[in-house]
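Listed in order, the protein sequences are those of chains A and B. Taking our numbering, I'd label the letters of the first sequence as residues 178 to 556. Taking our numbering, I'd label the letters of the second sequence as residues 178 to 556. Every residue gets a Cβ at the ideal spot worked out from N, C-alpha and C, and that includes glycine.
Number of protein chains: 2
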Amino acid sequence: MKRIHCTYHVLSSAAEIKAGARAMAVEQTVEVIEALFTPEINENIVGRVESVKPLDEEQTRWEVQISFADHLSGGHLPQLLNLVIGNSTMHSGIRLVDMELPDTVLSRFPGPQFGIAGVRRLIGVYGRPLLASVVKPYGTPTEAFEKIVYEFALGGGDLIKDDQNLFDVDYDAFCRRAVRLRDAVDRANDKTGRRCLYFPYIGGQFAETERRLDFLLENRITGYLIAPLLMGIEATRHLIADRPLVAMGHPSLAGVVFTSTDEGISKDVYLGTIYRLMGIDISIFVNAHGRFSFTREQCRKIVNRLRRPLGDLAPVLPCPAGGMRFDNIEQMSEDYGEDACLLIGGALLGYSDDVEASTRAFLEEVRQRFDEKTVAPEG
Amino acid sequence: MKRIHCTYHVLSSAAEIKAGARAMAVEQTVEVIEALFTPEINENIVGRVESVKPLDEEQTRWEVQISFADHLSGGHLPQLLNLVIGNSTMHSGIRLVDMELPDTVLSRFPGPQFGIAGVRRLIGVYGRPLLASVVKPYGTPTEAFEKIVYEFALGGGDLIKDDQNLFDVDYDAFCRRAVRLRDAVDRANDKTGRRCLYFPYIGGQFAETERRLDFLLENRITGYLIAPLLMGIEATRHLIADRPLVAMGHPSLAGVVFTSTDEGISKDVYLGTIYRLMGIDISIFVNAHGRFSFTREQCRKIVNRLRRPLGDLAPVLPCPAGGMRFDNIEQMSEDYGEDACLLIGGALLGYSDDVEASTRAFLEEVRQRFDEKTVAPEG
Numbered sequence: 178m179k180r181i182h183c184t185y186h187v188l189s190s191a192a193e194i195k196a197g198a199r200a201m202a203v204e205q206t207v208e209v210i211e212a213l214f215t216p217e218i219n220e221n222i223v224g225r226v227e228s229v230k231p232l233d234e235e236q237t238r239w240e241v242q243i244s245f246a247d248h249l250s251g252g253h254l255p256q257l258l259n260l261v262i263g264n265s266t267m268h269s270g271i272r273l274v275d276m277e278l279p280d281t282v283l284s285r286f287p288g289p290q291f292g293i294a295g296v297r298r299l300i301g302v303y304g305r306p307l308l309a310s311v312v313k314p315y316g317t318p319t320e321a322f323e324k325i326v327y328e329f330a331l332g333g334g335d336l337i338k339d340d341q342n343l344f345d346v347d348y349d350a351f352c353r354r355a356v357r358l359r360d361a362v363d364r365a366n367d368k369t370g371r372r373c374l375y376f377p378y379i380g381g382q383f384a385e386t387e388r389r390l391d392f393l394l395e396n397r398i399t400g401y402l403i404a405p406l407l408m409g410i411e412a413t414r415h416l417i418a419d420r421p422l423v424a425m426g427h428p429s430l431a432g433v434v435f436t437s438t439d440e441g442i443s444k445d446v447y448l449g450t451i452y453r454l455m456g457i458d459i460s461i462f463v464n465a466h467g468r469f470s471f472t473r474e475q476c477r478k479i480v481n482r483l484r485r486p487l488g489d490l491a492p493v494l495p496c497p498a499g500g501m502r503f504d505n506i507e508q509m510s511e512d513y514g515e516d517a518c519l520l521i522g523g524a525l526l527g528y529s530d531d532v533e534a535s536t537r538a539f540l541e542e543v544r545q546r547f548d549e550k551t552v553a554p555e556g
Numbered sequence: 178m179k180r181i182h183c184t185y186h187v188l189s190s191a192a193e194i195k196a197g198a199r200a201m202a203v204e205q206t207v208e209v210i211e212a213l214f215t216p217e218i219n220e221n222i223v224g225r226v227e228s229v230k231p232l233d234e235e236q237t238r239w240e241v242q243i244s245f246a247d248h249l250s251g252g253h254l255p256q257l258l259n260l261v262i263g264n265s266t267m268h269s270g271i272r273l274v275d276m277e278l279p280d281t282v283l284s285r286f287p288g289p290q291f292g293i294a295g296v297r298r299l300i301g302v303y304g305r306p307l308l309a310s311v312v313k314p315y316g317t318p319t320e321a322f323e324k325i326v327y328e329f330a331l332g333g334g335d336l337i338k339d340d341q342n343l344f345d346v347d348y349d350a351f352c353r354r355a356v357r358l359r360d361a362v363d364r365a366n367d368k369t370g371r372r373c374l375y376f377p378y379i380g381g382q383f384a385e386t387e388r389r390l391d392f393l394l395e396n397r398i399t400g401y402l403i404a405p406l407l408m409g410i411e412a413t414r415h416l417i418a419d420r421p422l423v424a425m426g427h428p429s430l431a432g433v434v435f436t437s438t439d440e441g442i443s444k445d446v447y448l449g450t451i452y453r454l455m456g457i458d459i460s461i462f463v464n465a466h467g468r469f470s471f472t473r474e475q476c477r478k479i480v481n482r483l484r485r486p487l488g489d490l491a492p493v494l495p496c497p498a499g500g501m502r503f504d505n506i507e508q509m510s511e512d513y514g515e516d517a518c519l520l521i522g523g524a525l526l527g528y529s530d531d532v533e534a535s536t537r538a539f540l541e542e543v544r545q546r547f548d549e550k551t552v553a554p555e556g
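Set out below in structure tokens:
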């Protein structure tokens, strides 16, 4: 039997940490006092405390390693999350910072359908980071949005997606706008001979989401933006697995998982490994030095989890967003390398009135640092 | 146009709080710099900062009130959450502590199908808190579980549910166990002339969840336990709305939303109002003085949000769990009153080897403090 290995950072006194670690292992598996389980349950089901080490000299912060039998997750995402952190999220001072899954668990997750390679095949661009932008702000007439996406594609942009605030309650209004923006991008693509992609935002009620995804499939729109924590972690996995569309994951609400420093799940485990298990193809996270509190080290760890080998799951395209400016393209290029998607929204729209020229200028800055190769897009 | 009124607690210096509050209002609605939106967008779409007040003398903590136009939520739960906290969850020191919804938004949510009144009708018990227990630990043979649920029902218990760790990967194994435990409860009900309910845990993959819920409907099982944050907030709302079954909400993983004191969403808004919008009929939360860090004041606030008037949404049965003991039934009776469901798991199973006698003893303690009325269960 293989095991799931988890590492936690725990706030505790030295006197209490051993009992505390054991309590976590019990809480997350059987949730009863020791008197109520048998030796067999203790051996096969209760989590096993593998190690307990102090993280500081004062012995107030601890690294606790606990392993769990692989069969307990059932290979299902909700049960895996319940197992590795579940009830322990309700204790102060417990944070999941690492999760290593055996192949017996990983093989139950198909992972990204496109991933880095699949997205590149659709766009036909290799050797440099992709350049992405955002359709916003909500409340702008569709004509103006058409102009933005058309000029972005004409300027050489690779992918433009709706803002997650851009939500039409009405299904027909959603369809009309999606097709108009798709057509605007296509008109530019016809001129450039390249293929820029347009992804609408998919949110709202679950049934409506399914209907909208079906519409995209039937109308030559290759992908979409979704916010997994709004729709649901398992629900997002289900929606992605159900249809051959590129899924771009947005972190709205997801800060509840990782922003607290002492609780929740680390940014890299959540936006890296858990997104990958969901099957997200492009993971949006916040670039360091932006308006949110992500550090370069945290961003590097997210990227590592998205791209490193993980069973047979395809690598995910990291998409740092927020805070990209002309003067930090150098830093972003260094930090993320060629297999990334640089997302620039407001800073691009605000750079000049001419979105085409702005896109060209940003893209040129990226191209200077990489060895771009383009091929005919597939499909 | 009516407005959604939200209150946040924000960590900030006095010098930065005004700009910070405005930045939140912009971030959650249009997410672009001010130069990029028109006066019409500012008036109709951007959130409006209603007030900013210090919470401490040092002026390091602030109460910020922001209102949003009702139409921005679209009456859909994912868009509502995106609007009221979305990207702001990624900032340190911002916590949503109140959310008041106008009837134009509330009317889009059917809410609980059963609620307090519906659950009471199924069980036929009025005038006192219901007594609930848990089927656990995982790894126990089904025969032993049959004995537990049979004896609990015979002792007068009202509702017994699976532990959220109790997950059969195999569909047939799930069905067999669910029917056996239903039958064991029914045998006791035939003897007592009362109706104790048994709720299986529904987790795992989304499609599997739908299949299992259908099985319950077809097999006279009236409700289920679900962990909304594992399955998904909107996905849970969808599953509940789709089938006439009693939904009991479990907080596994949900601690990420509320355990941090400075970020996320307060316990009462999440486990109270947001659970109610999802349509949860019975909301499990952690009783004060248990092994988790819930205070009596926080529990009272949760209960208030579950039971108080909220548009046409039915009141939800509060279900304090964890830490219930013989010696704090007095405190729990005082804190929660008659319209609650007291959940006692390990402490009941560990009270004596005789679950029937233990249940009777706990129930007697509850009955002494209330004026019980029983009627024939409906349906």
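If we count the other Cβ atoms within 10 Å of its Cβ and call it buried at 16 or more, is residue i buried or exposed?
i	result
A:R359	buried
A:L394	exposed
B:A144	As shown, chain B starts at 178 and ends at 556. That puts residue 144 of chain B outside it, with no answer to give.
A:R414	buried
A:S127	Limits of chain A in this structure are 178 at one end and 556 at the other, which puts residue 127 of chain A out of reach.
A:A384	exposed
B:N396	exposed
A:R484	buried
B:N481	exposed
A:A559	There is no way to answer for residue 559 of chain A, as the model of chain A reaches only from 178 to 556.
A:G332	buried
B:P289	buried
Does residue i have its Cβ less than 8 Å from a Cβ in chain A?
i	result
B:A639	There is simply no residue 639 of chain B to check, as chain B begins at 178 and stops at 556 in what is shown.
B:Q341	yes
B:E533	no
B:T472	no
B:N264	yes
B:L454	no
B:F503	no
B:G500	no
B:I222	yes
Kindly indicate if chain B contains any beta-carbon less than 8 Å away from that of residue i.
i	result
A:D275	no
A:F286	no
A:H182	no
A:L259	According to the sequence shown, residue 259 of chain A is Asn rather than Leu. Yes, A:N259 counts as interfacial toward chain B.
A:V434	yes
A:L570	With chain A represented from 178 up to 556, any question about residue 570 of chain A goes unanswered, as that position is not in the structure.
A:S529	no
Between the options, which has its C-alpha nearest residue i's C-alpha?
i	options	result
A:E234	A:G197, A:Q545 and A:S190	A:S190
A:I181	A:L406, A:G400, A:D247 and A:P289	A:D247
A:A196	A:M178, A:M501, A:R225 and A:N221	A:R225
B:V261	A:T450, A:G332, A:L430 and A:V532	A:L430
B:R544	B:A202, B:L416, B:M276 and B:G304	B:G304
B:T369	B:C183, B:E542 and B:R537	B:R537
B:F329	B:L525, B:E507, B:V296 and B:P554	B:L525
A:K324	A:V362, A:R297, A:G527 and A:I506	A:V362
B:G381	A:G400, A:G409 and A:A355	A:G409
B:I506	B:R388, B:E542, B:H466 and B:R353	B:E542
Bridge partners for residue i per DSSP, in chain order?
i	result
B:E277	B:H182
B:P495	B:S460
B:G441	B:R272
A:E240	A:H186 and A:K230
B:M170	Since the first and last residues shown for chain B are 178 and 556, residue 170 of chain B lies out of range.
Is the beta carbon of residue j closer than 8 Å to that of residue i?
i	j	result
A:A404	B:N259	yes
A:G499	A:R473	no
B:Y447	B:G426	no
A:L454	A:R420	no
B:A491	B:G292	yes
A:T184	A:Q242	yes
A:I442	A:V493	no
A:S460	A:C496	yes
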